[in-house]
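Student: Okay, handing you the structure first.
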Amino acid sequence: MWAVRRPPARSDRRPPPPFNAPAARRLRAALGLDPDHVAHALRASYDLPYVTPALVAAWERGNASPSHPELAALAGVLWCSPGELIGRPRTLREHRVARGLAPEDVAHTVGHELHAYLRMEETGQWRGTERQTAVLTRMLGLSLADVIAVTGREERLADLLRDAVTTRWQAYVRPVSKIAPLERRLLEEVLHRLHQDYQGHRAATLSWGGGPTDAADPGRAFLTHVVDHFWQTVTAEAGPEQV
Numbered sequence: 001m002w003a004v005r006r007p008p009a010r011s012d013r014r015p016p017p018p019f020n021a022p023a024a025r026r027l028r029a030a031l032g033l034d035p036d037h038v039a040h041a042l043r044a045s046y047d048l049p050y051v052t053p054a055l056v057a058a059w060e061r062g063n064a065s066p067s068h069p070e071l072a073a074l075a076g077v078l079w080c081s082p083g084e085l086i087g088r089p090r091t092l093r094e095h096r097v098a099r100g101l102a103p104e105d106v107a108h109t110v111g112h113e114l115h116a117y118l119r120m121e122e123t124g125q126w127r128g129t130e131r132q133t134a135v136l137t138r139m140l141g142l143s144l145a146d147v148i149a150v151t152g153r154e155e156r157l158a159d160l161l162r163d164a165v166t167t168r169w170q171a172y173v174r175p176v177s178k179i180a181p182l183e184r185r186l187l188e189e190v191l192h193r194l195h196q197d198y199q200g201h202r203a204a205t206l207s208w209g210g211g212p213t214d215a216a217d218p219g220r221a222f223l224t225h226v227v228d229h230f231w232q233t234v235t236a237e238a239g240p241e242q243v
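Under full-length UniProt numbering, the residue at position 201 of the sequence shown is numbered 201, and the numbers go up by one with no gaps.
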């Protein structure tokens with residue numbers, strides 16, 4: 001029986017991409033392969049000598065995640081694109097990998113020196129011009145929510161949304177629109193809805209006798225995930241094309 005061994009130290013120190021374990025399992029089964037076949041192919045064809053059937057099974061159970069090079073190799077074995085094995089991309093690098101693009105291709109197309117582009121991937125901060133951002137958006141198929149995330153503005157959006165739902169939401173329509181340029185009427189409806197939802201959570205907490213430090217405080221949980229609630233509400237109000 002193979003045992004999962006820690007891979008040897010590698011120069012790749014990046015966090016692993018969000019792995020879609022059910023997709024990997026489904027694609028493997030569709031090819032009529034078992035974890036032994038996949039592990040053998042990764043060792044023999046992709047120079048990953050440490051990969052065992054148990055490690056492949058751990059990936060598919062969600063107990064471990066393949067690194068960027070491992071995911072690219074696994075996609076080759078399963079005859080799919082890396083994007084089919086990635087969960088919802090969160091970062092600029094993950095969006096690029098999901099599209100199966102090399103950093104050189106993205107850098108050249110958007111008009112950045114490669115070292116500058118790679119630095120943006122490392123820091124998670126996109127520094128392109130408006131034109132370069134538009135090119136990146138088309139090339140990577142980014143939604144508005146994705147663009148805000150990869151350009152480093154999501155935390156600012158979260159701060160504004162938290163203030164909007166806990167105070168007077170009307171005062172935050174314009175500041176929010178500068179980050180998420182949605183139609184004003186839609187933003188008003190969304191912020192009003194979020195404000196009502198948050199106040200409803202707070203009222204429920206008070207009726208249970210929970211205090212502000214209560215670990216089960218649904219109001220606090222709402223604020224923690226306020227950006228997700230924002231985009232979900234935008235989708236509910238206007239459809240997925242707005243997100």
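Positions of the beta carbon are idealized from the N, C-alpha and C atoms, including for glycine.
Computed from a prediction, not measured in an experiment: that's the story for all the values here.
Please determine if the stretch 30-50 and the stretch 106-113 are in contact, where contact requires at least 3 C-beta pairs separated by less than 8 Å.
Tutor: Result no; under three Cβ-Cβ pairs closer than 8 Å.
Student: Measure the CB-CB distance between P18 and R90 and report whether it falls below 8 Å.
Tutor: Counted from its first residue, the sequence shown places residue 18 at position 18. Counted from its first residue, the sequence shown places residue 90 at position 90. Cβ distance < 8 Å, so P18 and R90 count as in contact.
Student: Under 8 Å between the Cβ atoms of L144 and R99?
Tutor: Indexing the sequence shown from 1 puts residue 144 at position 144. Indexing the sequence shown from 1 puts residue 99 at position 99. No, the Cβ-Cβ distance between L144 and R99 is not below 8 Å.
Student: What residue range is occupied by the uninterrupted alpha helix (DSSP H) comprising I179?
Tutor: Locating residue 179 in the sequence shown gives position 179, where the first residue counts as 1. V173 to I179 is the span of the alpha helix (DSSP H), which, as asked, contains I179.
Student: Under DSSP, the alpha helix (DSSP H) around E84 begins and ends at which residues?
Tutor: The residue you call residue 84 lines up with position 84 of the sequence shown. Per DSSP, E84 belongs to no alpha helix (DSSP H) and is neither H nor E.
Student: Tell me which residue opens and which closes the alpha helix (DSSP H) that H149 is part of.
Tutor: Here residue 149 corresponds to residue number 149 of the sequence shown, with the count starting at 1. In the sequence on display, residue 149 carries Ala and not His. Residues L144 to V150.
Student: Nearest CA to the CA of L27: which residue from H112, E84 and D159?
Tutor: Working through the sequence shown from its first residue, we reach residue 27 at position 27. The shortest Cα separation from L27 among H112, E84 and D159 belongs to E84.
Student: In whole angstroms, what is the alpha-carbon distance linking E60 and L48?
Tutor: To locate residue 60, count along the sequence shown from 1; it is residue 60. To locate residue 48, count along the sequence shown from 1; it is residue 48. So the alpha carbons of these two residues sit roughly 17 Å apart.
Student: Got a sec? Which residues, its chain only, sit under 7 Å from R25 by beta carbon, not counting five neighbours each side?
Tutor: Taking the sequence shown and counting its residues from 1, the one referred to as residue 25 is at position 25. Cβ neighbours of R25 beyond the five flanking positions: E60.
Student: Cutting at 6 Å between CB atoms, please list the residues of its own chain near A39, excluding the five before and the five after it.
Tutor: Along the sequence shown, read from residue 1 onward, the residue named residue 39 stands at position 39. Within the same chain, A39 has close Cβ partners V51, T52, P53 and V56.
Student: Do the stretch 120-130 and the stretch 60-74 touch if we need at least three Cβ pairs shorter than 8 Å?
Tutor: Contact fails: fewer than three Cβ-Cβ distances are below 8 Å.
Student: In or out: L42 buried (at least 16 other Cβ within 10 Å) or exposed?
Tutor: For the purposes of this step, residue 42 is identified with residue 42 of the sequence shown, where counting begins at 1. By the 10 Å Cβ count, L42 comes out buried.
Student: Tell me which same chain residues have a C-beta within less than 7 Å of the C-beta of M120, skipping the five on either side of it?
Tutor: The residue labelled residue 120 in the question sits at position 120 within the sequence shown. Cβ neighbours of M120 beyond the five flanking positions: L92, W126 and R127.
Student: By a C-beta neighbour count over all protein chains shown, 10 Å radius and 16 as the cutoff for buried, is A215 buried or exposed?
Tutor: By 1-based counting over the sequence shown, the position of residue 215 is 215. Note that A215 scores 45 on pLDDT, short of 50, meaning its location in the model is unreliable; the coordinates nonetheless yield the value given after this. Result: exposed.
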